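As you go down the protein sequences, you meet chains A and B in turn. Counting in the numbering used here, the first sequence tops out at residue 113, every number present. Counting in the numbering used here, the second sequence tops out at residue 139, every number present. Following: one structure in structure tokens, then a few remarks.
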Amino acid sequence: EDKVVQSPLSLVVHEGDTVTLNCSYEVTNFRSLLWYKQEKKAPTFLFMLTSSGIEKKSGRLSSILDKKELFSILNITATQTGDSAIYLCAGNSNSGYALNFGKGTSLLVTP
Amino acid sequence: DSGVTQTPKHLITATGQRVTLRCSPRSGDLSVYWYQQSLDQGLQFLIQYYNGEERAKGNILERFSAQQFPDLHSELNLSSLELGDSALYFCASSAQGAANQPQHFGDGTRLSIL
Chain A
3 EDKVVQSPLS
13 LVVHEGDTVT
23 LNCSYEVTNF
33 RSLLWYKQEK
43 KAPTFLFMLT
53 SSGIEKKSGR
63 LSSILDKKEL
73 FSILNITATQ
83 TGDSAIYLCA
93 GNSNSGYALN
103 FGKGTSLLVT
113 P
Chain B
26 DSGVTQTPKH
36 LITATGQRVT
46 LRCSPRSGDL
56 SVYWYQQSLD
66 QGLQFLIQYY
76 NGEERAKGNI
86 LERFSAQQFP
96 DLHSELNLSS
106 LELGDSALYF
116 CASSAQGAAN
126 QPQHFGDGTR
136 LSIL
């Protein structure tokens, strides 16, 4: 059975700190790993990773995939209170159907 | 704004009732996915449609059904509702439904069963 596990479950940091969120996966016929940010409503797409070792970057957020170790990390530098959200990781297989989501990491950035 | 529109935003009903949730995908997207999010289970895939045809089924109960219409909007029908069906129901869409395309989510419909 496919499995996506995120850690930590919850994190509280001060503004300006750097955080690293972890995601390990076991997905049959793995094709891609996706990161989403969920505030009050819709999960918002952040990154899609398909190749090992290639960092994707968007502003203060970056992510990388290790297909050998079945692992991905999401880094957020110089955190701001607006980064407070639940960060979801999801694996996708070659079938392209369901996203298999982890339970998420709840990040709270305090002023 | 993802471009995926879901209505209604919030629905309150009683056990045993039937409801219909509606989703309009992003312009140009052919594939629609339905997910259920509850506190204990996280985001769970229910069903996918591609250009009007059912493509994949996940953990969808027999009391639930869906369809995608020629204009590509989709409806999720939930019947004989139980207290445990209370959850956030999300619709997502992608261009072709392939694994190399991200899914974009709507704001969800919050279903509360009393």
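Where is the CB? At the ideal position from N, CA and C, for every residue including glycine. These figures come from a predicted structure and were not determined experimentally.
Contacts of THR81/A in chain B (Cβ-Cβ under 8 Å): Result: empty, since nearest Cβ-Cβ is about 24 Å, beyond 8 Å.
Where ASP68/A falls: helix, strand or coil (DSSP): strand
Between ILE37/B, SER105/B, LEU46/B, SER119/B, which lies nearest to GLN31/B when the distance is taken from Cα to Cα? LEU46/B
Buried or exposed: where does LEU136/B fall if 16 or more other Cβ atoms within 10 Å of its Cβ makes it buried? buried
Which residues in chain B have a C-beta closer than 9 Å to the C-beta of LEU90/A? List them in chain order. GLY67, LEU68
If we call anything under 7 Å between Cβ atoms a contact, is ARG51/B one with GLY83/B? no
For GLY84/A, name the three-state secondary structure that DSSP assigns. helix
Is it right to say ASN102/A is buried, meaning 16 or more other beta carbons lie within 10 angstroms of its own, or is it exposed? buried
Exposed unless 16 or more other CB atoms sit within 10 angstroms - verdict on LEU139/B: exposed
First through last residue of the beta strand (DSSP E) which encompasses HIS35/B: 35 to 38
Among all the DSSP beta bridges, which residues are the ones paired with THR30/A? None; THR30/A has no bridge partner.
Return the CA-CA distance between LYS69/A and GLN92/B, expressed in angstroms with no decimal places. 36 Å
So, at 7 Å on beta carbons, what are the nonlocal neighbours of GLY133/B in its own chain, with the 5 sequence-adjacent residues on each side left out? GLN31, LEU113, TYR114, PHE115
Kindly indicate which residue of SER63/B, ILE37/B, VAL44/B has the alpha-carbon position closest to the one of PHE89/B. VAL44/B
Is the Cβ-Cβ distance between LEU67/A and LEU51/A less than 7 Å? yes
Anything in the stretch 40 to 58 of chain A with a Cβ closer than 8 Å to a Cβ of chain B? List those residues in chain order, please. LYS43, ALA44, PRO45, THR46, PHE47, MET50, THR52
Backbone secondary structure at LEU108/B - three-state DSSP: helix
Is the CB-CB distance between ARG80/B and GLN69/B below 7 Å? no
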